[in-house]
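The opening residue of the sequence shown carries number 1 in UniProt numbering; numbering runs sequentially from there.
Working notes for the structure below.
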Amino acid sequence: MSIKDILSNDDSNEKYDSESATTESNKSSETQTLYTINPEILTRLYTNQSKEFIVNTMKPKAKQARKSLRLIISNLKQSQRMSQAISLGIPK
């Protein structure tokens with residue numbers, strides 16, 4: 001049993017033309033669709049894969065980036081306070 005047979009789910013003995021996806025019996029009249037994909041399902045699959053990618057890959061990196069930014073900001077604030085204190089002549 002080939003993939004085309006599974007996808008078409010057709011028990012008749014019609015042969016499929018792989019290039020144009022038509023049956024030989026109705027080749028001149030109408031193209032037959034072997035299968036269709038529901039766009040909503042495709043979107044849901046893509047979204048779930050994206051969420052999984054974000055959770056597994058991006059969130060840990062974002063967490064580390066936020067930590068680094070907090071550290072940088074706190075160091076900048078501390079150095080700003082120290083420079084203000086020095087300019088005012090106040091010892092640490």
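C-beta: ideal position from N, C-alpha, C; glycine also.
**Message:** Please state the DSSP three-state secondary structure of I90.
**Reply:** coil
**Delimiting residues of the alpha helix (DSSP H) encompassing N48** = P39 to F53
**Asked** Buried or exposed: where does S28 fall if 16 or more other Cβ atoms within 10 Å of its Cβ makes it buried?
**Response** In this predicted model, S28 has a pLDDT of only 48, less than 50, meaning its place in the structure is not dependable enough to derive any value.
**Asked** What is the rounded straight-line gap between the Cα of Q64 and the Cα of M82?
**Response** 27 Å
**Prompt:** Out of curiosity, what's the CA-to-CA distance linking K51 and L88?
**Reply:** 52 Å
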